[in-house]
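Down below is the structure, laid out as structure tokens.
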Amino acid sequence: MTKWRSTLVVVALSLVMAGALLYPTLRQPSMPESATYFSPARMVNAFNLVRSDGTPFTREALLGHWSFVFIGYTFCPDICPTTLSDLRGIYPELKQVDDSSQVIFVSVDPQRDDLPRLTGYTQFFNPEFVAVSGTQSQLFPFVRNLGMVYSIVDEQDAKNYLVDHSASIVLINPKGEIQAVFRPDMAPGQPPRVSMAKMASDFARIRSLALAS
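Numbers given in the working numbering equal positions in the sequence shown, counted from 1, plus 49.
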């Protein structure tokens, strides 16, 4: 009887020790599946832009929020309206993951996108979306800092030129740091498009990782 009791005690202790070793692993949130995730996060440099309502938009506006940043322009024929429409559809789910979530649309075409036009464009998709712009000297370093690019095609036509630009969505954490990038899927004959379902799922994982760190 004593031998069996000793054996049971050893087994019980072994299980306790195994559980203690596994517990941190089981509690660790899973990594995002499709997003490019930065750990440590990358700093967003100081910048000075302007909201579509005319008020300043600086790095302080990012603090305390999970910010989904997308660049484009209101005359965009495909990527911008598609992405903003997709963001409108997924926005309630992003807010459910974290109520501080905000969508920021950055116009890189200040020559045509005056503030009233920018306001009307983004409010069509969602009145809560933040629309910002600035001069080219302000926009270019900000966009480059986020790891995105844009270029104006045939600007000699002052009304009908196109702007080539990144279709990714950058996620900035509440500390004002670049935490992840959601890159678009490519399909023949279709504009580049970020999967909103994958983004929402990864956002939940990323937020959990941030809370656990």
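Using N, Cα and C, we set each Cβ at its ideal position, and we do this for glycine too.
Identify whether residue i lies in helix, strand or coil by the three-state DSSP scheme.
i, result
"P89", "strand"
"L98", "strand"
"L195", "coil"
"A180", "strand"
"S200", "strand"
"S215", "coil"
"T168", "helix"
"L112", "coil"
"E142", "helix"
"L71", "Residue confidence for L71 is low, a pLDDT of 41 falling below 50, so the modelled location carries little weight and cannot support an answer."
"Q160", "coil"
"D234", "strand"
"F173", "helix"
"F124", "coil"
Which residue comes first and which comes last in the alpha helix (DSSP H) that contains residue i?
i, result
"F252", "245-261"
Provide the residue span of the beta strand (DSSP E) that contains residue i, from first to last.
i, result
"V155", "151-156"
"T104", "T104 -> no beta strand (DSSP E), and no H or E assigned at all."
"E226", "226-231"
Alpha carbons only, please: which of the options is nearest the one belonging to residue i?
i, options, result
"N209", "A236, V219, D158", "D158"
"D147", "A261, V202, S257", "S257"
"T107", "Y170, L188, T168, M245", "L188"
"T184", "D206, R161, T131", "R161"
Please look up how many angstroms separate the CB atoms of residue i and residue j, rounded, as I've assumed it's under 8 Å.
i, j, result
"F191", "L98", "7 Å"
"P81", "A216", "Contact flag wrong, Cβ pair sits at about 19 Å."
Less than 8 Å separating the beta-carbons of residue i and residue j?
i, j, result
"N222", "A261", "no"
"I218", "F96", "no"
"V271", "V181", "With the chain running from 50 to 262 in the structure shown, residue 271 is simply not present."
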